[in-house]
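Trainee:
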Amino acid sequence: MAGLVVSGTQVSYIGQDCREIPEHLGRDCGHFAKRLDLSFNLLRSLEGLSAFGSLEELILDNNLLGNDLVLPGLPRLHTLTLNKNQITDLECLLDHLAKVTPALEYLSLLGNVACPNELVSLEKDEEDYKRYRCFVLHKLPNLKFLDARKVTRQEREEALVRGSFMKVVKPKASSDRITASPEHHYTPLPSASRDLTNHRDKLT
Numbered sequence: 183m184a185g186l187v188v189s190g191t192q193v194s195y196i197g198q199d200c201r202e203i204p205e206h207l208g209r210d211c212g213h214f215a216k217r218l219d220l221s222f223n224l225l226r227s228l229e230g231l232s233a234f235g236s237l238e239e240l241i242l243d244n245n246l247l248g249n250d251l252v253l254p255g256l257p258r259l260h261t262l263t264l265n266k267n268q269i270t271d272l273e274c275l276l277d278h279l280a281k282v283t284p285a286l287e288y289l290s291l292l293g294n295v296a297c298p299n300e301l302v303s304l305e306k307d308e309e310d311y312k313r314y315r316c317f318v319l320h321k322l323p324n325l326k327f328l329d330a331r332k333v334t335r336q337e338r339e340e341a342l343v344r345g346s347f348m349k350v351v352k353p354k355a356s357s358d359r360i361t362a363s364p365e366h367h368y369t370p371l372p373s374a375s376r377d378l379t380n381h382r383d384k385l386t
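Residue numbers (my numbering): 183 to 386.
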């Protein structure tokens, strides 16, 4: 089937301009897939993902997923990348992930307005990004890596004390638009995990 690449328990369906997860993908691969890469599509919904109940890694970079993103319960999922989507409401996303992905250890949100750094707005600085990390770790305390950085002991301790006060204000639709070009790729995961997933795109 054109565009579908299967290697053991790894399934890739990249750059196919699909707006939803094809039914045949779940039917044919859902029962064995542990890693699913749906990067560079036009996904606005993850309906159909429930067929992939054994997923451990989910790559959804460069899609059109927004604040209405809904994941099914994925108890084994430890890696989730949502780089370059259209997510603006950080708290809503984190509350949802806390419920449906209890084993999550690696998360990347680079290139979304919800992740305040220079990739989405020149007005954001390192302090904005530190506050964001603190709030994310408050909501998801089991994370080991967030975006391109390993979670430090100091960050974890600060999140316990101050995380609840670090809520990132949701930007207005008219501001903080993503300025990164479509050609920008991301490497959110640590090198060991990238070797495992063969997700070798580079951040430019």
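Backbone N, C-alpha and C define an ideal beta-carbon position, used for all residues, glycine too. Remember, predicted model here, so these are calculated numbers, not experimental data.
#1: According to DSSP, is residue 232 helix, strand or coil?
#2: According to DSSP, is residue 217 helix, strand or coil?
#3: Whole angstroms are fine: how far does the CA of residue 261 sit from the CA of residue 315?
#4: So, for residue 256: in the same chain, excluding its five sequence neighbours on each side, which residues have a beta-carbon less than 7 Å away from its beta-carbon?
#5: Give the single residue among 246, 216 and 295 whose Cα lies nearest to the Cα of residue 199.
#6: Just the Cα atoms here: how many angstroms apart are residue 323 and residue 275?
#7: In chain order, what residues of the same chain have a beta carbon less than 6 Å from the beta carbon of residue 296, not counting five sequence neighbours either side?
#8: Among 339, 308, 187 and 248, which residue has its Cα nearest to the Cα of residue 211?
#9: Can you list, in chain order, the stretches of the alpha helix (DSSP H) that have 4 or more residues and sit fully within the region 313 to 351?
#10: Just how far apart, CA to CA, sit residue 360 and residue 215?
#11: Work out the CA separation of residue 217 and residue 379 for me, nearest whole Å.
#12: Rounded to the nearest angstrom, what separates residue 194 and residue 185 at their Cα positions?
#13: Please classify residue 193: does DSSP put it in a helix, a strand, or coil?
#14: On the three-state DSSP scale, how would you describe residue 240?
#15: Would residue 290 be called buried (16 or more neighbouring beta carbons within 10 Å of its own) or exposed?
#16: Does the separation of the CB atoms of residue 221 and residue 252 fall below 9 Å?
#17: Residue 225 by DSSP, collapsed to three states: which one?
#18: Which runs of the beta strand (DSSP E) spanning at least 3 residues fall entirely within the region 265 to 306, listed in chain order?
#19: Using only the alpha-carbon positions, how far apart do residue 202 and residue 285 sit?
Mentor: Reading off the structure:
#1: Here residue 232 is taken as the residue at index 50 of the sequence shown, counted from 1. Residue 232 falls in the helix class under three-state DSSP.
#2: One-based indexing of the sequence shown puts residue 217 at position 35. In the displayed model, residue 217 falls within a strand according to three-state DSSP.
#3: Position 133 of the sequence shown, counted from the first residue, corresponds to residue 315. Position 79 of the sequence shown, counted from the first residue, corresponds to residue 261. Residue 315 and residue 261 have their C-alpha atoms roughly 17 Å apart.
#4: One-based indexing of the sequence shown puts residue 256 at position 74. Cβ within range, chain order: 237, 282 and 283.
#5: As a first step, residue 199 is located in the sequence shown; it is residue number 17 there, counting from the start. For the residues 246, 216 and 295, the minimum Cα distance to residue 199 belongs to 246.
#6: Mapped onto the sequence shown, residue 323 falls at position 141. Mapped onto the sequence shown, residue 275 falls at position 93. As the crow flies, the alpha-carbon of residue 323 is around 15 Å from that of residue 275.
#7: Here residue 296 is taken as the residue at index 114 of the sequence shown, counted from 1. The beta carbon of residue 296 lies closer than 6 Å to those of 269, 270 and 272 in the same chain, with the five residues before and after it left out.
#8: On the sequence shown, position 29 is the one that residue 211 refers to. Residue 187 is the option with its Cα nearest to residue 211.
#9: Entirely contained in the region 313 to 351, the alpha helix (DSSP H) runs reaching 4 residues are, in chain order, 335 to 344.
#10: The residue you call residue 360 lines up with position 178 of the sequence shown. The residue you call residue 215 lines up with position 33 of the sequence shown. Here the model assigns residue 360 a pLDDT of 39, short of 50, so the residue's position is not dependable and the matter cannot be decided.
#11: Position 197 of the sequence shown, counting from 1, holds the residue named residue 379. Position 35 of the sequence shown, counting from 1, holds the residue named residue 217. With a pLDDT of only 44 at residue 379, under the threshold of 50, the placement of this residue in the model should not be trusted, and no figure is reported.
#12: Reading the sequence shown from its first residue, position 12 is the one you call residue 194. Reading the sequence shown from its first residue, position 3 is the one you call residue 185. Rounded to whole angstroms, residue 194 to residue 185 spans 8 Å at the Cα level.
#13: The residue you call residue 193 lines up with position 11 of the sequence shown. Of the three classes helix, strand and coil, the one that applies to residue 193 here is strand, per DSSP.
#14: In the sequence shown, counting from the first residue as 1, residue 240 sits at position 58. In the three-state reduction of the DSSP assignment, residue 240 falls in the strand class.
#15: Residue 290 sits at position 108 when you count from the first residue of the sequence shown. By the 10 Å Cβ count, residue 290 comes out buried.
#16: Taking the first residue of the sequence shown as position 1, residue 221 is located at position 39. Taking the first residue of the sequence shown as position 1, residue 252 is located at position 70. Contact flag unset, no.
#17: Taking the first residue of the sequence shown as 1, we reach residue 225 at position 43. Coil.
#18: Taking 3 residues as the shortest admissible run, the region 265 to 306 contains the following complete beta strand (DSSP E) segments, listed from N- to C-terminal end: 288 to 290.
#19: For the purposes of this step, residue 202 is taken as the residue at position 20 of the sequence shown. For the purposes of this step, residue 285 is taken as the residue at position 103 of the sequence shown. Distance between the alpha carbons of residue 202 and residue 285 is about 25 Å.
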